[in-house]
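Per my numbering, the very first residue in the sequence shown carries number 27; after that it's consecutive. Just so you know, even glycine gets a beta-carbon here, dropped at the ideal spot from N, CA and C. Working notes for the structure below.
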Amino acid sequence: MSAMVNVNGRITPERDAVISVFDHGFLYGEGVYETMRTYHRRPFLYDRHMRRLRRSARMIELPLPFTDEELAAQIRDTQALAKIDGEVYIRVLVTRGIGALTYDPKATPNPSIVIIVKPQVDPPVDAYEKGVKVAIVDVVRNHPDTVNPMIKSNNLMNSALAAQEAIKLNAFEGVMRNYRGELTECTTANLFMVKNRVALTPPLEAGLLPGITREFLFDIGKDVGVEVREQTMRDDDLFGADEAFLTSTTRELVPITTVNDRTIGRGVPGPITLKLLEAFRRRAEAD
Ligand SMILES: Cc1ncc(COP(=O)(O)O)c(C=O)c1O
């Protein structure tokens, strides 16, 4: 990995990118972040990512001391120094900042702002051509009244534990249920299934991250005449789906052909999934 990192305006190669152990992001996981990627070397859906970053920050009462344009300029400067040929991955983190060992936000008046720029790594072509296996895991997604999954939070223990389970099961991703036993999302992606040519995804109310790719897919569906809507889902709905796929910024749409040890549909990426993926890529290239 050859990353260039911007820590509070100071841009350095990754080996020199450091932050204080008294930063509350490190001490308490108090912070929010966004993951973006470029197409044609420009951050894709930047305005939507900034809207979500601001909502996440509001939900933890973290003031963001920059405008969208100011942050975009910092990203551009970091990207320019990274000198990466091809598309880049951009992670923006804002933490509570450095302060005394207390949860009182008054101890940390200055948030820390970190921008990581590194090469975008696409999933293997095989994942798109053959589809992937996911596993429904036992770790339950955070209850919305604890650390609300709507917050794209640096506190990722819930997802990390679920991902550990999926890795042990040799799965590409882990699917998490909520406290009611309904399916929510994957550890780093949103979940969709296709039934009777309609693309269905669990409702935000189930307790999940409002993915930017998930949101964009509602527009893509309109472009190509595929109905996309929210629907509560349980294990059996997914097992009985005609097709399934996951969505995320860095992976676009990845077909799911196996859930635990059950084959989904015909066991190959389905026609609606491929139609949406193709339309997504067209829009991403054009926008
Ligand atoms: C828990 C979770 N859900 C969904 C997503 C997908 O969101 P997006 O499409 O904005 O990348 C992510 C992305 O990292 C995630 O961490």
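- R117 places its beta carbon 7 Å or farther from that of I101.
- Around the C-beta of Y115, 16 or more other C-beta atoms lie within 10 Å, and the residue is accordingly described as buried.
- DSSP assignment within the stretch 230–285 yields the following whole beta strand (DSSP E) runs of 3 residues or more, N-terminal first: 254–256, 269–274, 278–285.
- Cα atoms of S28 and I139: separation of roughly 20 Å, rounded to the nearest angstrom.
- The residue from K194, L71, L97 with its alpha-carbon nearest to that of L243 is L71.
- In the DSSP annotation of this structure, the continuous segment of the alpha helix (DSSP H) that includes S185 starts and ends at 183–194.
- If the five residues before and after N204 are omitted, its C-beta is found closer than 6 Å to the C-beta atoms of R167, T210, A232, G233, all from its own chain and listed in chain order.
- For Y115, no alpha helix (DSSP H) segment is defined; the enclosing uninterrupted segment is the beta strand (DSSP E) at 114–121.
- Judged by DSSP secondary structure, L53 falls within the alpha helix (DSSP H) whose first and last residues are 50–54.
- For the 7 Å CB-CB criterion, G200 and P281 do not form a contact.
- DSSP places V31 in the strand class (E or B) of the three-state scheme.
- Of all C-beta pairs linking the stretch 116–133 to the stretch 32–49, three or more are shorter than 8 Å, placing the two stretches in contact.
- Counting only residues of its own chain and dropping the five nearest sequence neighbours on each side, T284 has a CB closer than 6 Å to the CB of K159.
- With a beta-carbon spacing of about 13 Å, L187 and A161 fall beyond the 8 Å limit used to define contacts.
- Between E269 and F306, the CB-CB gap reaches or exceeds 7 Å.
- Per the coordinates, the alpha-carbon of G57 lies some 13 Å from the alpha-carbon of Y129.
- Distances from the CA of P297 to each of V250, Q146, G237, P135 were compared; the closest alpha carbon is that of V250.
- Rounded to whole angstroms, the gap between the alpha carbons of V224 and A267 is 10 Å.
- Restricted to the stretch 85–147, the beta strand (DSSP E) segments that are unbroken, complete and at least 3 residues in length are 114–121, 138–145, listed in chain order.
- Checking the 6 Å criterion, the Cβ of L79 is out of range of every heavy atom belonging to ligand 1.
- The count of Cβ pairs closer than 8 Å, one atom from the stretch 147–157 and one from the stretch 75–84, stays below three, leaving the stretches out of contact.
- For G55, the shortest separation between its Cβ and any heavy atom of ligand 1 does not lie below 6 Å.
- Between Y65 and A310, the beta carbon gap of about 5 Å places them in contact (Cβ cut-off 8 Å).
- L71 carries a coil assignment under DSSP once its states are collapsed to helix, strand and coil.
- Within the model, the alpha-carbon separation for L226 versus P131 is close to 40 Å.
- For F306, the enclosing alpha helix (DSSP H) begins and ends at 297–312.
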